[in-house]
Amino acid sequence: MTLRTPDTPRTLDDHALARLVDDLVDRGWFVGEHFIDAVLCQALRHELEGLVATEGLTEGGIGRGGQHRLRRDIRGDAIHWLDRESQAQRHYLALMADLQQQINRALFLGLFEFEAHFAHYPPGAFYKTHLDSFRGRANRIVSTVLYLNPDWPVDGGGEMAIYASDDERRELARVLPEAGTFVCFLSDRVPHAVLPTHHPRASIAGWFRRNASMEGLVDPAH
Ligand code: OGA
Ligand code: MN
17 MTLRTPDTPR TLDDHALARL VDDLVDRGWF VGEHFIDAVL CQALRHELEG LVATEGLTEG
77 GIGRGGQHRL RRDIRGDAIH WLDRESQAQR HYLALMADLQ QQINRALFLG LFEFEAHFAH
137 YPPGAFYKTH LDSFRGRANR IVSTVLYLNP DWPVDGGGEM AIYASDDERR ELARVLPEAG
197 TFVCFLSDRV PHAVLPTHHP RASIAGWFRR NASMEGLVDP AH
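In our numbering, the protein residues as written are 17 to 238.
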């Protein structure tokens with residue numbers, strides 16, 4: 017049995033990686049189309065569709081540990097944490113480990129681990145403007161989102177909106193959740209939102225973290 021399919025790259029493209037690092041330094045966020053291979057995206061999407069069909073998802077909440085709450089008026093997705101169950105997941109996690117190493121080498125961020133979940137937004141769902149971590153209490157350092165929707169229509173809604181760090185009403189970019197597109201940004205610096213989607217929307221949201229107990233701040237398990 018071979019674990020490697022010859023047509024799916026095991027590493028990230030060097031040019032795209034260089035641009036990602038530059039964009040993180042210059043403005044705190046990066047968007048790359050065709051960043052992740054189409055065959056891998058398709059396998060991940062099929063896995064997520066299987067989870068939707070077998071009710072293997074739980075509703076996404078806000079806050080961590082004892083602060084965790086369901087707020088459908090803020091966040092409307094359903095999630096499943098990556099658990100290395102499939103070849104596709106292991107492949108994606110290997111790429112993220114590669115990315116972690118590259119970011120650490122270039123930016124000395126001391127990224128230590130990666131956590132990620134599948135996310136499924138049914139029609140009508142959204143995620144209001146938020147930061148992924150709070151300054152000073154940040155153990156989520158760099159956020160990632162990979163989209164899994166082939167041929168997303170331009171009028172399909174569900175874009176990710178990126179806002180200025182000093183004024184979250186000022187929109188800087190709107191990203192279609194097209195398969196292969198990858199977004200990466202500083203978790204405590206970049207306000208962002210998912211605009212209401214008109215179609216089922218599939219993605220993987222992930223976070224590079226620093227050691228959970230850094231500076232005595234213990235991060236409770238999710
Ligand atoms: C998140 C998030 C953005 C997206 O899950 O925290 O902001 O485009 N996701 O799915
Ligand atoms: Mn977010």
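Heads up, the beta-carbon is just placed ideally off N, CA and C, and yes, glycines get one too.
Note that the structure is predicted; figures quoted are calculated from it, not measured.
Next item on the list: Could you tell me whether any non-hydrogen atom of the ligand OGA is closer than 7 Å to the CB of H14?
Entry: Nothing can be reported for residue 14: it is not among the residues displayed for the chain, which extend from 17 to 238.
Next item on the list: Could you spell out the range, first to last residue, of the beta strand (DSSP E) harbouring I119?
Entry: Looking up residue 119 in the sequence shown gives position 103. Taken as a continuous stretch (DSSP letters only), I119 belongs to no beta strand (DSSP E), being part of the alpha helix (DSSP H) at Q103 to L123.
Check: At what residues does the beta strand (DSSP E) containing L86 begin and finish?
Finding: Here residue 86 refers to the residue found at position 70 when the sequence shown is read from its first residue. Taken as a continuous stretch (DSSP letters only), L86 belongs to no beta strand (DSSP E), as it is neither H nor E.
Notebook entry, point to check: What is the DSSP secondary structure of H215, counted as helix, strand or coil?
Noted result: Residue mapping note: residue 215 aligns to position 199 of the sequence shown, counting from 1. If DSSP states are grouped into helix, strand and coil, H215 belongs with coil.
Notebook entry, point to check: Grouping DSSP H, G and I as helix and E and B as strand, with all else coil, what is A80?
Noted result: Residue numbering aside, residue 80 sits at position 64 when the sequence shown is read from its first letter. Here residue 80 turns out to be Arg, not Ala, going by the sequence shown. DSSP places R80 in coil when its eight states are reduced to three.
Next item on the list: Take A122 and list the residues in its own chain whose beta-carbon comes closer than 6 Å to its own, dropping the five residues that flank it on each side.
Entry: Taking the sequence shown and counting its residues from 1, one reaches residue 122 at position 106. Taken in chain order, the residues that qualify are V37.
Margin query: Among the candidates G126, S181, H215 and A94, whose CA atom is the shortest distance from the CA of P169?
Written below: Here residue 169 corresponds to residue number 153 of the sequence shown, with the count starting at 1. Out of G126, S181, H215 and A94, H215 has the C-alpha closest to the C-alpha of P169.
Note to self: In whole angstroms, give me the CA-to-CA distance for G66 and H133.
What the structure shows: Taking the first residue of the sequence shown as position 1, residue 66 is located at position 50. Taking the first residue of the sequence shown as position 1, residue 133 is located at position 117. Rounded to whole angstroms, G66 to H133 spans 15 Å at the Cα level.
Next item on the list: Report yes if the C-beta distance between G48 and A34 is below 8 Å; otherwise report no.
Entry: Working through the sequence shown from its first residue, we reach residue 48 at position 32. Working through the sequence shown from its first residue, we reach residue 34 at position 18. Result no, Cβ atoms of G48 and A34 do not sit closer than 8 Å.
Check: Around the C-beta of V161, are 16 or more other C-beta atoms found within 10 angstroms, so that it is buried, or is it exposed?
Finding: By 1-based counting over the sequence shown, the position of residue 161 is 145. The residue in question, V161, is buried, as its Cβ has 16 or more Cβ neighbours within 10 Å.
Note to self: Pop quiz: L73 and A94 are said to be a contact at Cβ under 8 Å. What is the actual Cβ separation, rounded to whole angstroms?
What the structure shows: Counting from one through the sequence shown, the residue named residue 73 turns up at place 57. Counting from one through the sequence shown, the residue named residue 94 turns up at place 78. Between A94 and L73 the Cβ distance is about 4 Å, and since that is below 8 Å, they are a contact.
Note to self: Looking at the ligand OGA, does it come within less than 7 Å of P193, judged from the CB to the closest heavy atom?
What the structure shows: In the sequence shown, counting from the first residue as 1, residue 193 sits at position 177. Indeed, a heavy atom of the ligand OGA lies less than 7 Å from the Cβ.
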